Amino acid sequence: MRAVVITSRGGPEVLQVQDVEDPVVGDDEVLIKVEATALNRADTVQRKGLYTPPKGASPYPGLECSGTVLTVGKSVALWKVGDQVHGGSSGIGTFAIQIAKHLGIRVFVTAGSEEKLAACKNLGADVCINYKTEDFVARVKEETGGKGVDVILDNVGGPYLQKNLDSLGMDGRLFIIGFMGGAATEVNLSCLLARRLTVQAAGLRNRSLENKAKIVAEVKKHVWPAIAAGKVKPIVYKAFPLSEAAEAHRLMEGSSHVGKILLIP
């Protein structure tokens with residue numbers, strides 16, 4: 001089996017494609033012939049040595065893939081050899097816009113370029129704010145009649161925390177899924193009590209297999225029908241051969257893309 005190997009902590013140049021041992025399939029696991037894998041911000045953090053895989057997990061970067069089931073463990077009932085499987089088929093932002101619009105929700109987005117805002121608008125976003133040229137808190141208040149929004153999905157972290165809290169309305173919820181801008185900040189917590197706000201972080205990698213299975217079942221029930229009906233579509237920005245994994249990492253860290261960056265074996 002070929003895999004992208006992190007040869008040492010560092011920049012994209014530490015990535016090398018190497019022949020590695022084939023994985024051993026456990027009783028409750030499946031082996032997938034990967035047709036494509038997509039980069040994730042966590043892959044770049046793992047490359048730097050800041051995101052250690054949990055015990056028993058693969059040491060190789062790559063949290064998302066699509067392909068065909070080659071082998072199933074003896075305890076597996078849901079999947080069979082030959083099944084096509086998909087994981088993380090579109091970027092969080094582009095997916096969130098589409099599924100929210102499918103559910104009839106008014107969508108606000110922030111981005112740092114007019115090109116990205118135009119892409120979000122084409123996907124259905126209602127209010128598109130350039131955070132480099134506008135105060136997005138003021139714009140949110142203006143667009144909502146001073147009430148604020150109900151839910152915010154944030155992957156920036158520290159620098160946005162106070163602004164996000166200030167943008168939420170009564171009983172608003174902030175979901176943090178990443179720290180692209182940093183993990184440390186200073187914040188005034190009084191708004192949490194005043195508006196009964198909820199701050200929650202979400203991640204998949206450190207969850208139990210049982211919890212992951214529950215999430216997959218919920219996605220299959222509530223999300224997959226929208227994908228099957230063509231209401232939500234994967235947005236692919238660019239595909240690279242596996243041998244150009246370092247270049248793909250550089251593109252992701254440059255943050256100029258809209259949608260997923262794929263690696264093709």
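Position 256 (the sequence shown) corresponds to 256 in full-length UniProt numbering; numbering is contiguous. We put the beta carbon where it would ideally sit given N, CA and C, even for glycine. Keep in mind the model is a prediction, meaning the values are calculated, not measured.
What is the DSSP secondary structure of T44, reduced to helix, strand or coil?
DSSP, read as helix, strand or coil, puts T44 in helix.
Taking 8 Å as the cut-off, decide whether the C-beta atoms of I264 and L242 are in contact.
Their beta carbons are under 8 Å apart, which means I264 touches L242 by this criterion.
Secondary structure at V210, three-state DSSP: helix, strand or coil?
The sequence shown places Glu at residue 210, rather than the Val named in the question. Helix.
With distances taken from CA atoms, which of T7, A118, P12 is nearest E244?
Residue P12 holds the alpha-carbon nearest to the alpha-carbon of E244 among T7, A118, P12.
What is the rounded straight-line gap between the Cα of Q46 and the Cα of P53?
Going by C-alpha positions, Q46 is about 8 Å away from P53.
By how many angstroms is the C-alpha of G172 removed from the C-alpha of R196?
When rounded, the distance between both Cα atoms is 7 Å.
Is it the case that the segment 57 to 70 contacts the segment 26 to 45, given that we only count it when at least three CB pairs across the two stretches are under 8 Å?
In short, these stretches touch, since the Cβ pair count reaches three.
Considering just the uninterrupted stretch of the beta strand (DSSP E) at D154, what are its terminal residues?
In the DSSP assignment, D154 falls within the unbroken beta strand (DSSP E) covering 149 to 154.
Going along the chain, which unbroken runs of the beta strand (DSSP E) with 3 or more residues stay wholly within the segment 157 to 192?
Qualifying beta strand (DSSP E) stretches, in chain order: 168 to 176.
Run through DSSP, which three-state label would S66 get?
Here S66 sits in strand by DSSP.
Is the beta carbon of V20 sitting closer than 8 Å to the one on M1?
The answer is yes: Cβ separation under 8 Å.
If we count Cβ pairs, one from each stretch, closer than 8 Å, do we get three or more for the segment 28 to 35 versus the segment 65 to 80?
Counting Cβ pairs under 8 Å, three or more are found: they touch.
Is E29 helix, strand or coil by DSSP?
The three-state secondary structure of E29, taken from DSSP, is coil.
Return the Cβ separation of A100 and V109 in integer angstroms, given the expectation that the two are a contact with Cβ distance under 8 Å.
Going by Cβ atoms, the distance from A100 to V109 rounds to 10 Å, so no, they are not a contact pair.
Among the candidates I92, V140, V156, whose CA atom is the shortest distance from the CA of V149?
That would be V140, whose Cα lies nearest to the Cα of V149.
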